[in-house]
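Heads up: the structure comes next, in structure tokens.
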Amino acid sequence: MNFLSSFASSKTRVALAVAVALGAATVIGLTVRQQPAQAQAAAVQQAPAVSVATVAARNVTLFDEFSGRVEAVERVEIRPRVSGTIERVHFAEGQLVKKGDVLFTIDPRPFEAEVLRAQANLQAERARGELARTQYERSRRLLAEQAVSQREFDEREQGWRAAQAGEAQAAAGLRAALLNLEYASVRAPVSGRVSRAEITTGNLVAPGPQVLTTVVSVSPMYVNFDMDERTYVRYAGQGARGNQGVAAIPVKMGLIHEGDYPREGKVQSVDNRLDAQSGTIRVRAVFDNADGKLTPGMLARVMLGGGGEQSAVLINDRAIGTDQAKRFVLVVGADNKLEYREVQPGQLSGGLRVVTAGLKDGEKIVVGGLQRVRPGMVVAPQPVAMDAKPEVIRAAERAEQTKAAEAKPIASDSRG
20 MNFLSSFASS KTRVALAVAV ALGAATVIGL TVRQQPAQAQ AAAVQQAPAV
70 SVATVAARNV TLFDEFSGRV EAVERVEIRP RVSGTIERVH FAEGQLVKKG
120 DVLFTIDPRP FEAEVLRAQA NLQAERARGE LARTQYERSR RLLAEQAVSQ
170 REFDEREQGW RAAQAGEAQA AAGLRAALLN LEYASVRAPV SGRVSRAEIT
220 TGNLVAPGPQ VLTTVVSVSP MYVNFDMDER TYVRYAGQGA RGNQGVAAIP
270 VKMGLIHEGD YPREGKVQSV DNRLDAQSGT IRVRAVFDNA DGKLTPGMLA
320 RVMLGGGGEQ SAVLINDRAI GTDQAKRFVL VVGADNKLEY REVQPGQLSG
370 GLRVVTAGLK DGEKIVVGGL QRVRPGMVVA PQPVAMDAKP EVIRAAERAE
420 QTKAAEAKPI ASDSRG
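In terms of our numbering, the sequence shown opens at residue 20 and continues consecutively.
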């Protein structure tokens, strides 16, 4: 009996051991089979969401871009024309003035006195002239009656002519005195914006190199820029040689803080020679400045037309990254792996950047979340329009991130 019980007990233990071993093997096998699927699911969940747009080509009018400086059409340095003491300054720094407005008043009293003296002198000369004319007329009648000698008549005639000259000289003196009195009121010779007063009230001024202030015209404004020889030859080959030919070339301009070229103008002139040292030729364009935002000396970005309409690839500026002196984009491959691609960006057209080299029509590039990814990474692409606004791109990325976050607890429960 003991033997049979012992045998049965041993058999039971063996069966239990076999069952445990088979169960462990089954669990291990299931775990091994689940690991690749779970790893793949985890990899998908860990792929960062990025906004992706498809590159498209379209016809655009190509332009040449230049850097230039804004210059006033008229710039006048105001200097005194008469000597005297500054009695009053009539403007505030930076004020807009019109042609003829009084800017400074020089003490007018000495010039008023000079006018009175000149007027009195003229009256005296006129009186002498009347007397000389009367004597001449009398002598002429007496000469006809032979009552005076020819010599006396000649003296009377010369006296009258001298009196006429004296009267003319006195009249000129009066005009000079009136002109000096007018110069005591220093006026703006052109309309524009006045700078600060270099000389203040109470200071003595005199004609010479001393500058009282400066006035620059406001509208229109010049923009001067230098065109390289190769570009100049190309435009000249298209019939745009000289000032008459360039007048038909469209030109746009934007300031350094403006992303586009909102101002339209026209080319006014091209210099008559190239600079041998720089290999460039000076070009001048003119732009309206009704809003007063253009100030002389500002840096301007000039876009000169004439390149013709061509097919070009356009992308969002947000897709372009900077790698030292290089510009690049991240291209999304068939397996959603990112590829580094150097590009050559060009002009703006309709809010998108023209790419002259590095991309082809139909390729997909990252336009949002560029700072969170790097070449070689696998991403979760979120399609958006190439010209999508930044808030649309961010909304698409947040939606994908929320979706991925909600999927993580489910994957964790399946592993448990």
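Built from N, CA and C at the ideal position, the CB exists for glycine as well.
message = With H, G and I counted as helix, E and B as strand and the rest as coil, what does DSSP make of PHE4?
response = Residue 4 cannot be examined here, being either before or after the span of the chain that is shown, 20 to 435.
request  = Report back the beta-carbon spacing between THR233 and VAL89 to the nearest angstrom; my notes put them in contact at under 8 Å.
outcome  = Between VAL89 and THR233 the Cβ distance is about 16 Å, and since that is not below 8 Å, they are no contact.
ask   = Apart from the five residues on each side of it in sequence, which residues of its chain come closer than 7 Å, Cβ to Cβ, to LEU197?
value = VAL134
Ordered list of beta strand (DSSP E) runs contained in the stretch 176-253, each at least 3 residues = 204-206, 211-213, 232-235 and 240-247
request  = With PRO281 as the anchor, note down where its alpha helix (DSSP H) starts and where it stops.
outcome  = No alpha helix (DSSP H) contains PRO281, which DSSP labels as neither H nor E.
task = Buried or exposed for ILE275, please, with buried defined as at least 16 other CB atoms from any protein chain shown within 10 angstroms of its CB.
result = exposed
ask   = Hey, how far is the Cα of LEU15 from the Cα of GLY211?
value = With the chain covering only 20 through 435, there is no way to say anything about residue 15.
task = Keeping to the same chain, check which residues put their C-beta closer than 8 Å to that of ASN508; ignore five residues upstream and five downstream.
result = Within the shown structure, residues of the chain are numbered from 20 to 435, placing residue 508 beyond reach of any answer.
query = Excluding sequence positions up to five away, which residues of its chain have a Cβ less than 7 Å from the Cβ of LYS285?
reply = ALA266, VAL270, ALA304 and VAL305
task = Measure the alpha-carbon distance for GLN366 versus LEU200 and round it to whole angstroms.
result = 58 Å
ask   = Closest by CA to PHE123, which one among VAL230, VAL351 and ARG391?
value = VAL230
task = Can you give me the start and stop residues for the alpha helix (DSSP H) that PHE130 sits inside?
result = 128-163
task = Measure the alpha-carbon distance for GLY298 versus ASP83 and round it to whole angstroms.
result = Rounded to whole angstroms, GLY298 to ASP83 spans 17 Å at the Cα level.
request  = Measure the beta-carbon distance from ILE97 to VAL224 and round it to whole angstroms, keeping in mind my assumption that it falls under 8 Å.
outcome  = In fact, because the Cβ distance is near 11 Å, the residues do not count as touching under 8 Å.
task = Answer yes or no: do SER330 and ALA76 have a C-beta to C-beta separation smaller than 8 Å?
result = Their beta carbons are under 8 Å apart, which means SER330 touches ALA76 by this criterion.
inquiry  = On a Cα-Cα basis, can you pick out the residue from GLU176, ARG206, VAL374 and SER158 that is closest to VAL116?
reply    = ARG206
request  = State whether the stretch 151-161 contacts the stretch 233-242, with contact taken as three or more CB pairs (one from each stretch) at a distance under 8 Å.
outcome  = No, they do not touch.
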